[in-house]
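Each remark here refers to the structure printed beneath this line.
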Amino acid sequence: MSIAEVPKSRESRSRLSKTPPYAQPQSSNQPECAHLKSLDDLGALNFYCFGGRRDFTDNFRALVVGSGTSQSAIDLAEQLAGTDAAVVYVDASEQVIDVAQDHAKTRGVCDDIEWIQASPLDLAGMDLEPFDYINCCGMLETLPEPTAALKSLKSIVKPDGALGLSFHGKYGRTGVSQMRDMMSLVNRETDDAADAIGLTRAMIDRLPATNWCKRSVDLFPLYDGIEDAEIHDLFLSQQHCELSIPDVWEMLDSSGLFLVEHTREQRALCEPQFAFPEGPLLKQIQKLPRRDQQAATELYWGAITRHTFWAATQPETIAPLTDPDMIPFFTRFAAAHDVQQSILSTAGDEWLWRTRLAGEVDVSITFHVAPAARRFVELIDNQRTLAEIVETILSAYNPRPPIEEAMKIARYVMEVLLRQDLLLVRHKSTSPHS
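Going by my numbering, the first residue of the sequence shown is number 528, and it counts up by one from there.
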């Protein structure tokens, strides 16, 4: 194979039938690291929302709004340790803040987070310095007017800033929605919360196999030890905004925001190339506008229980893979699964990555590890630029191939690994924090 021969990568999709009903999505290569959520990963945030050019050591400001346990604020504070960045956590409940602070203390970052007790709806009037990034997951969907609240949050984001958002999914929660409607009827004359939870437990215990909630046990496990708080949140709380992908696009349009990308945990469930094999069906779907492609794929799987994605105040914020001054790097998620070493130790010429998503959907990515591709992976160290790596590869050949051939191999490897955010890029002007 010449240095320029780039075979097509393949994504294979299948529903697995022998997974325990309560199993969490995880990679088949290594156990999933539960706290490595990509929404607040600085590498992913920089790549998708700041063109790979945001240096997080330079007065970066992050706001986390109503995230309950404060996991997002903790994760950001840990990644930004040793910088002049500010991480602010806001919640209206003193009790919630107390619990969040306890969690932050156990991780040693409580003093690195600014804690504010206030209604998220009041933030726009609090004269806060604008933020580069706002995380808001699970709060907007509980409000009567989520779009108005989103507009309020946008008003305190910098002109080139971004938001990490999460909303309940409409179709993946069909069974939960029907269960909630049923329990609102059953509990109509019940004023006591404990009684309502007890009746709901009794209903769960006798759901028939035909019930939609029972059918979606792979998405919402009705296990024996389900806690009262979870029962209340799933089946008794009436203020829930459940969105389809068209709803998400419409809300962002109304708020003057642009959808950047879904996080790796949901991306394959809304992108057609992961759902359909090469052929007339995929070609037809890919003729549609992007939002319609995603809408069709969401309906195909029916497994998105939560939309988690980045939105930006400007369009076209994703870093270019073709810029020679970009530095490729393996992400925290890839490091947790030892992806770089896995590729380098591949005995044959084909490397396979497999991961399990919601609804027992299995996605695998395969690519051909040609010698030049293997060398490219070996040289990635979060320090060398794309230009430097390509030059090192070319210097080993005599006669020297055209630079376009090496760049073609580099783009091929990066595009394959990018599909599950295993490899991203940042500009050389930024620090490794970025």
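Beta carbons: idealized from backbone N, C-alpha and C, even for Gly.
Check, Outcome
"Exposure label - Val591; buried when at least 16 CB within 10 Å", "buried"
"Beta-carbon proximity of Val623 to Gly579, cut-off 8 angstroms", "no"
"Beta carbon of Phe747 nearer than 8 angstroms to that of His789", "no"
"Terminal residues of the alpha helix (DSSP H) in which Gln598 lies", "598–606"
"Cβ contact check for the segment 749–765 and the segment 805–813: 3 or more pairs under 8 angstroms", "no"
"Bridge partner(s) assigned by DSSP for Phe857", "Leu950"
"At least three beta-carbon pairs within less than 8 angstroms, the segment 921–930 to the segment 879–895", "no"
"Cβ shell of Cys797 (< 7 angstroms), same chain only, five flanking positions each side left out", "Ile772, His789, Gln821, Thr824, Glu825, Ile831"
"Through-space distance from Ala736 to Val917, alpha-carbon basis", "57 angstroms"
"Local conformation of Arg911 per DSSP, three classes", "coil"
"Three-state secondary structure assigned by DSSP to Ile724", "helix"
"Assumed close pair Ile936, Ala897 - CB separation to whole angstroms, cut-off 8 angstroms", "7 angstroms"
"Helix, strand or coil at Gln765 [DSSP, three-state]", "coil"
"Proximal residues to Leu871 (C-beta, below 8 angstroms), its chain only, five neighbours per side dropped", "Arg901, Val904, Glu905"
"Residue span of the alpha helix (DSSP H) that contains Pro673, given as start and end", "673–681"
"Counted within 10 angstroms of its Cβ, other Cβ atoms place Gln606 as buried (16 or more) or exposed", "buried"
"For Arg938, the nearest candidate out of Asn909, Ala899, Arg715, Ala839 (CA to CA)", "Ala899"
"Reduced DSSP category for Ala689 - H, G, I as helix; E, B as strand; rest coil", "strand"
"Whole-angstrom distance between Leu712 and Ile753, CA atom to CA atom", "22 angstroms"
"Cutoff 6 angstroms; reference Tyr616; Cβ partners in own chain excluding five residues on either side", "Val591, Ser597, Ala600, Ile640, Trp642"
"Nearest to Ser891 (by Cα), restricted to the options Thr717, Pro959, Asp755, Gln800", "Gln800"
"Proximity below 8 angstroms, CB of Pro851 to CB of Ala933", "no"
"The segment 855–865 touching the segment 941–957, judged by at least three CB pairs closer than 8 angstroms", "yes"
"Environment of Lys810 [buried if 16+ CB atoms lie within 10 Å]", "exposed"
"Range covered by the beta strand (DSSP E) that runs through Thr893", "888–895"
"Within 8 angstroms, strictly: CB atoms of Thr844 and Cys576", "yes"
"Cβ-Cβ distance between Leu726 and Asn714 below 8 angstroms", "yes"
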